[in-house]
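Chemist: From first to last, the protein sequence lines are chains X and Y.
Under numbering that gives the first Met the number 0, the first sequence has 26 at position 27, and the numbering climbs by one with no breaks.
Under numbering that gives the first Met the number 0, the second sequence has 42 at position 43, and the numbering climbs by one with no breaks.
Beta carbons are placed, not taken as given, at the ideal position from N, Cα and C, and that holds for glycine.
These numbers come from a predicted model, not from an experiment.
There are 2 protein chains.
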Amino acid sequence: MAVNARARLLSTAETLFYAHGIRAVGVERILSESGVGRASFYRHFAGKEALVTAVLEGRDVRWRAWLSERVAAHGGHPLHLFDALAERFATQDFRGCVAINTMTEIADPASPACRMAALHKTRVIDLVEQLLRDADVPEPGERARQFVLLMDGAIVTALREGTPDAAWRARGIAEALLAA
Amino acid sequence: MAVNARARLLSTAETLFYAHGIRAVGVERILSESGVGRASFYRHFAGKEALVTAVLEGRDVRWRAWLSERVAAHGGHPLHLFDALAERFATQDFRGCVAINTMTEIADPASPACRMAALHKTRVIDLVEQLLRDADVPEPGERARQFVLLMDGAIVTALREGTPDAAWRARGIAEALLAA
DNA sequence: GTGAAACCGTACTGATCGGTTCCGTTTTGT
DNA sequence: ACAAAACGGAACCGATCAGTACGGTTTCAC
């Protein structure tokens, strides 16, 4: 129980922040649920804000890896992005996109958390653009931005509706877009 | 200074909640910035949560009225929804959609605030559906849900980018959708 | 085996949270 | 003019916030 304090902090914080929001989760709760001592926390992180940015960093890497893997599993076509989203929307713990939630909650665009969230989105755009290039879709740059707009709209809608339907709705729109 | 305490509370709270988030704004700040006494606040509202739902109610009514008016001013076609959004995105105080921000921040779907936010979105869908009917667009029900997904995607994107570009991007997608 | 490093738990700080209560003043209806 | 209602200000309440300090324990490298 005395090793990996940092990893446990990151894991517990990620779960709690995602489920309840960043402001809603105090350091107290993260410590008690992770079993990490208070001093150990401040030995690993300068403060709560540093923990938040570290969580967002890890989330960015892991989420893009997951998305790439699932799209590839479905066949690798850009439209399969929405099949991956549908899978995600159906999971029990789904509560939207960490980056979107962070930007709407923290408000200050200059804060490290918001900067990290914005960076995540640009990286996702790059990922989508590469998928579009691989599929020989014309104007992949602009198309990628359109696709991410659709994905974000689907995420917000799925959070509100509590069903994966929004993924299929967004997929239908994307199909119309590619056919045009 | 001793009249309209309720109205001043609602106005101040709406501004602060929208700019900084609900959790980030304490009752203390609302009182000092509105000039309303603490006792007066709890005479008008059962608590902070009641104030939040009242603010969301007012916002819902006012925002739909504003949207209808702006769409009509642009010509009344459903595509003009995105012209209205572009106007909104360009305003200085734009910080996304109150309903989306509330749902991502409060997390609990059963809370009065989230219920009110969800209700707002369904009312917006109804508004969009009526616009589509008036324009003789086929399948207005499903189209309305697609349009609102596009609008929500545009709102989230505009919040991230800080420019009105997302409105034009969403408009382009909507045009492709109507042409298909 | 021994010392250093990492660890957990507890007690504490000052600030702020939402909410209650009381008091004296101002506004309003009649 | 006068009473009732609405009001602002301030002193409180217990709880929780992020962060610090200290003391005793476990882990690990040499």
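With DSSP as the reference, label Ile29 (chain X) as helix, strand or coil.
Modeler: Three-state DSSP puts Ile29 (chain X) in a helix.
Chemist: Could you pull out every residue in the same chain whose Cβ sits closer than 7 angstroms to the Cβ of Leu131 (chain X), ignoring the five residues on either side in sequence?
Modeler: Here the set comprises Pro77, Pro139, Arg142, Ala143.
Chemist: Please report how far the alpha carbon of Gln91 (chain X) lies from the alpha carbon of Gly74 (chain X), in whole angstroms.
Modeler: Roughly 25 angstroms between the two C-alpha positions.
Chemist: For Met0 (chain Y), I'd like the list of residues in its chain whose CB is within less than 8 angstroms of its CB, leaving aside the five on either flank, ordered along the chain.
Modeler: Bear in mind that a pLDDT of 46 at Met0 (chain Y), under 50, signals an unreliable position, so the model cannot answer this.
Chemist: I think Glu48 (chain X) touches Arg69 (chain X), with their Cβ atoms under 8 angstroms apart; what is that distance to the nearest whole Å?
Modeler: At roughly 31 angstroms, the Cβ-Cβ gap does not stay under 8 angstroms, so Glu48 (chain X) and Arg69 (chain X) are not in contact.
Chemist: For Arg5 (chain Y), which residues of its own chain have a beta-carbon under 7 angstroms away from its beta-carbon, when the five flanking residues on both sides are left out?
Modeler: Excluding residues within five positions, the ones whose Cβ falls inside 7 angstroms are His43.
Chemist: Which residues, in chain order, does the stretch 5 to 25 of chain X contribute to contact with chain Y at a C-beta distance below 8 angstroms?
Modeler: Cβ contacts with chain Y come from Ala18, His19, Gly20, Arg22, Ala23.
Chemist: Beta-carbon of Val155 (chain Y) versus every beta-carbon of chain X: anything under 7 angstroms?
Modeler: At least one chain X Cβ lies under 7 angstroms of Val155 (chain Y).
Chemist: Can you give, in chain order, each stretch of the alpha helix (DSSP H) that sits fully within the stretch 20 to 99 of chain Y and has at least 4 residues?
Modeler: If we require 4 residues or more, the alpha helix (DSSP H) runs fully inside the stretch 20 to 99 of chain Y come out as 26 to 33, 37 to 43, 47 to 73, 79 to 89.
Chemist: Using 8 angstroms as the cut-off, can you tell me whether the stretch 166 to 175 of chain X makes contact with the stretch 143 to 155 of chain X, which would need three or more C-beta pairs spanning the two stretches below that distance?
Modeler: With the cut-off at 8 angstroms, the stretch 166 to 175 of chain X and the stretch 143 to 155 of chain X touch.
Chemist: Taking the alpha helix (DSSP H) that Pro163 (chain Y) falls in, what are its first and last residues?
Modeler: That residue, Pro163 (chain Y), is in no alpha helix (DSSP H); it is neither H nor E in DSSP.
Chemist: Shorter than 7 angstroms from the beta carbon of Leu118 (chain X) to some beta carbon of chain Y?
Modeler: No - not a single Cβ of chain Y is within 7 angstroms of the one on Leu118 (chain X).
Chemist: With DSSP as the reference, label Pro111 (chain Y) as helix, strand or coil.
Modeler: Note: Pro111 (chain Y) maps to helix in three-state DSSP.
Chemist: What is the rounded straight-line gap between the Cα of Leu8 (chain Y) and the Cα of Arg22 (chain X)?
Modeler: The straight-line gap from Cα to Cα measures roughly 23 angstroms.
Chemist: Go through its chain and collect everything with a Cβ distance to Phe180 (chain Y)'s Cβ below 6 angstroms, but skip five positions before and after it.
Modeler: Absent from the model: residue 180 (chain Y). The displayed extent of chain Y is 0 to 179, so no value can be given.
Chemist: Just to confirm my understanding: we take Arg209 (chain X), look at its own chain, exclude 5 residues before and 5 after, and list those with CB closer than 8 angstroms. What are they?
Modeler: Only positions 0 to 179 of chain X appear in the structure, and residue 209 (chain X) is not among them; the question remains open.
Chemist: For Ala98 (chain Y), tell me which candidate among Y:His119, Y:Val136, Y:Ala45, Y:Gly36 has the shortest Cα-Cα distance.
Modeler: For the residues Y:His119, Y:Val136, Y:Ala45, Y:Gly36, the minimum Cα distance to Ala98 (chain Y) belongs to Y:His119.
Chemist: Output, in chain order, the set of chain Y residues within a Cβ distance shorter than 7 angstroms of Met245 (chain X).
Modeler: Past the edges of chain X, shown from 0 to 179, lies residue 245 (chain X), and the structure says nothing about it.
Chemist: If you count every other CB in all the chains shown that lies within 10 Å of the CB of Gly25 (chain X), and 16 or more means buried, which is it?
Modeler: Gly25 (chain X) should be labelled exposed.
Chemist: For the stretch 129 to 154 of chain X, which residues have a beta carbon sitting closer than 7 angstroms to at least one beta carbon of chain Y?
Modeler: Here the close residues are Arg144, Gln145, Leu148, Leu149, Asp151, Gly152, Ala153.
Chemist: For the putative contact between Glu104 (chain Y) and Glu104 (chain X), defined by C-beta atoms under 8 angstroms, what is the C-beta separation to the nearest angstrom?
Modeler: That belief holds up - the Cβ atoms of Glu104 (chain Y) and Glu104 (chain X) are roughly 5 angstroms apart, short of 8 angstroms.
Chemist: In the structure shown, what three-state DSSP assignment does Pro137 (chain X) receive?
Modeler: Of the three classes helix, strand and coil, the one that applies to Pro137 (chain X) here is coil, per DSSP.
Chemist: So for Leu9 (chain X), helix, strand or coil by DSSP?
Modeler: DSSP places Leu9 (chain X) in helix when its eight states are reduced to three.
Chemist: Give the DSSP-derived three-state secondary structure of Ala106 (chain Y) in the structure shown.
Modeler: Coil, per DSSP.
Chemist: How close, in whole Å, do the beta carbons of Leu55 (chain X) and Thr101 (chain X) come, if the pair is a contact with beta carbons under 8 angstroms?
Modeler: That pair is a contact at about 7 angstroms.
Chemist: Rank Y:Leu80, Y:Asp125, Y:Ala179 by C-alpha distance to the C-alpha of Arg170 (chain Y) and give the top, closest one.
Modeler: Looking at the Cα atoms, Y:Leu80 is the closest of the given residues.
Chemist: I want to see whether chain Y comes within less than 7 angstroms of Ala106 (chain X), judged by CB atoms only; does it?
Modeler: Cβ-Cβ to chain Y under 7 angstroms: yes for Ala106 (chain X).
Chemist: Mind checking Asp133 (chain Y): buried by the 16 CB within 10 Å criterion, or exposed?
Modeler: It is exposed - the Cβ of Asp133 (chain Y) has fewer than 16 other Cβ atoms within 10 Å.
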